[in-house]
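Enquirer: In this note's numbering, the protein residues as written are 5 to 178.
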Amino acid sequence: MRLIILISLLLLSVQSVATVYRWVDENGKVHYSDEPKNNAEAIELNGNTQNNMTINTPTKINETPTTEAPINYTISITSPQEEATIRDNNGAFSVSVSVNPLLPRGVLMTLAVDGIITGPAQVSNTFQLTGINRGEHSLVVNAVTQSGKVLASSSPRKIFLHQASVFGPAKKSK
């Protein structure tokens, strides 16, 4: 049974290699057929009628990996001093900072008082604070990118803010 099927398939494949004829009708339209017509010419087909495309593979770009070590920035609060006592009834004082090496463009600094950022990020090395309540406070300055990534932080600086009492001096007893 297998032999009969194999022979049938071989005979069919031989028939598929028939001659192709080409002719043009009275309207100028070109026709192709496997049966000869009047004014038809036989066309010889090449063995391979498939389109062969070459695929251009991109050449590998020699990328040198950048293995630059990240820059370590040092931020230190220069003013006020550690455990300094600041006397101001409005709770106003300034914080000065030194940075080594200088920060690149796009890197800003923020000041946090007791863990709360006091204002928008800035380029200046001096922060002006107002309205800070009396008592003990911890100051930390961070260098941050515009996306919010912290590049460096200062060590916490403890300060004391004193304000005059709203009650006035105590009265002496007689």
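C-beta atoms are modelled at their ideal positions from N, C-alpha and C, and glycine is treated no differently.
Taking all protein chains shown into account, decide if Leu133 is buried (16 or more other Cβ within 10 angstroms of its Cβ) or exposed.
Expert: On the sequence shown, position 129 is the one that residue 133 refers to. Leu133 comes out buried.
Enquirer: What residue range is occupied by the uninterrupted beta strand (DSSP E) comprising Phe164?
Expert: Numbered from its first residue, the sequence shown carries residue 164 at position 160. Counting along the chain, the beta strand (DSSP E) containing Phe164 begins and ends at Arg161 to His166.
Enquirer: To the nearest angstrom, how far is it from the Cα of Pro105 to the Cα of Ala73?
Expert: Numbered from 1 along the sequence shown, position 101 holds the residue referred to as residue 105. Numbered from 1 along the sequence shown, position 69 holds the residue referred to as residue 73. For Pro105 and Ala73, the distance between alpha carbons rounds to 14 Å.
Enquirer: Quick check: the Cα distance between Asp38 and Tyr25, rounded to an integer number of angstroms?
Expert: Residue mapping note: residue 38 aligns to position 34 of the sequence shown, counting from 1. Residue mapping note: residue 25 aligns to position 21 of the sequence shown, counting from 1. Spanning the two alpha carbons is a distance of roughly 6 Å.
Enquirer: Taking the Cβ atom as the reference point for each residue, do Asn146 and Ala116 lie within a distance shorter than 9 Å?
Expert: Position 142 of the sequence shown holds residue 146. Position 112 of the sequence shown holds residue 116. Yes, Cβ-Cβ distance for Asn146 and Ala116 is below 9 Å.
Enquirer: Thinking just about the alpha-carbon of each residue, which of His166, Leu49, Pro108 and Thr149 is nearest to the one in Gly139?
Expert: Within the sequence shown, numbered from 1, the residue matching residue 139 stands at position 135. Here the closest residue by C-alpha is His166.
Enquirer: Does DSSP put Arg6 in a helix, a strand or coil?
Expert: In the sequence shown, the residue the question calls residue 6 occupies position 2. Looking at Arg6 - three-state DSSP - the assignment turns out to be helix.
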